[in-house]
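Presented below is the structure to which this report refers.
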Amino acid sequence: VFLDWELALWGDPVYDLAVHIHKMGYQPEERERLTSLWKRRMAEEHTTGWEHDLAVHLSHERVKSAIVDAVRYARLFAANGPFPYPEHQLMASMTAKLNAAHAVWGTPGPIAPATVDAAFRAWSGR
């Protein structure tokens, strides 16, 4: 059972599954096991077309993650910290998020970590 107490709403169980998968970063075989167990436990009316919906929700999460973290990291750079992780780790994370979003956006990729780092530094004047 997945419980999302952040908003305490009843929503699309496929979306809840997508958010969980996105945040956990499962390996392919782990994700397959999870989705198999999830499907066995869910009522049939909640699983019709779930594969397509899961792909759409995962794409949404990739784009959302890139946008939200770009804003969050830009603010950190503009304020010169405090950084929750070393800057190179933040840039590696941001690069991975942008590259995942590029696959959804259909823009050229992959983008290099040095390009992301340079953009954040130029924007923040550092």
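In the numbering used here, each number is its position in the sequence shown, counted from 1, plus 331.
Even for Gly, the Cβ is constructed at its ideal location relative to N, Cα and C.
Alpha helix (DSSP H) segment containing Tyr346, residue limits: As a working mapping, residue 346 is identified with position 15 in the sequence shown. Unbroken alpha helix (DSSP H) run through Tyr346: 344-355.
Classification of Ser367 by the beta-carbon crowding that lies within 10 angstroms, buried from 16 upward: Locating residue 367 in the sequence shown gives position 36, where the first residue counts as 1. Burial call: exposed.
Given 8 Å, three or more beta-carbon pairs between the segment 404-414 and the segment 441-457: yes
Range covered by the alpha helix (DSSP H) that runs through Arg393: Within the sequence shown, residue 393 is the residue found at index 62, counting from 1. Start and end: 381-409.
Cβ-Cβ distance between Val394 and Met425 below 8 Å: Numbered from 1 along the sequence shown, position 63 holds the residue referred to as residue 394. Numbered from 1 along the sequence shown, position 94 holds the residue referred to as residue 425. No, the Cβ-Cβ distance between Val394 and Met425 is not below 8 Å.
Residues of its chain near Trp369, where Cβ-Cβ distance is below 7 Å and the 5 sequence neighbours each way are ignored: Counted from its first residue, the sequence shown places residue 369 at position 38. If we look at Trp369 and ignore the five residues flanking it on each side, its Cβ neighbours are Leu348.
Three-way DSSP call (helix, strand, coil) for Arg457 in this model: The residue given as residue 457 occupies position 126 in the sequence shown. Arg457: coil per DSSP, three-state reduction.
Whole-angstrom distance between Leu429 and Pro439, CA atom to CA atom: Counting from one through the sequence shown, the residue named residue 439 turns up at place 108. Counting from one through the sequence shown, the residue named residue 429 turns up at place 98. Each residue's alpha carbon lies about 11 Å from the other.
Burial state of Met355 (16 or more Cβ within 10 Å): Position 24 of the sequence shown holds residue 355. It is exposed - the Cβ of Met355 has fewer than 16 other Cβ atoms within 10 Å.
Beta carbon of Pro344 nearer than 8 Å to that of His388: Along the sequence shown, one-based indexing puts residue 344 at 13. Along the sequence shown, one-based indexing puts residue 388 at 57. Against a cut-off of 8 Å, the Cβ pair of His388 and Pro344 comes out as no contact.
Helix, strand or coil at Trp436 according to DSSP, with G and I counted as helix: As a working note, residue 436 is residue 105 in the sequence shown. Of the three classes helix, strand and coil, the one that applies to Trp436 here is helix, per DSSP.
Per-residue burial, Trp381 [other beta carbons within 10 Å of its own, 16 or more giving buried]: Counting from one through the sequence shown, the residue named residue 381 turns up at place 50. With 16 or more other Cβ atoms within 10 Å, it is buried.
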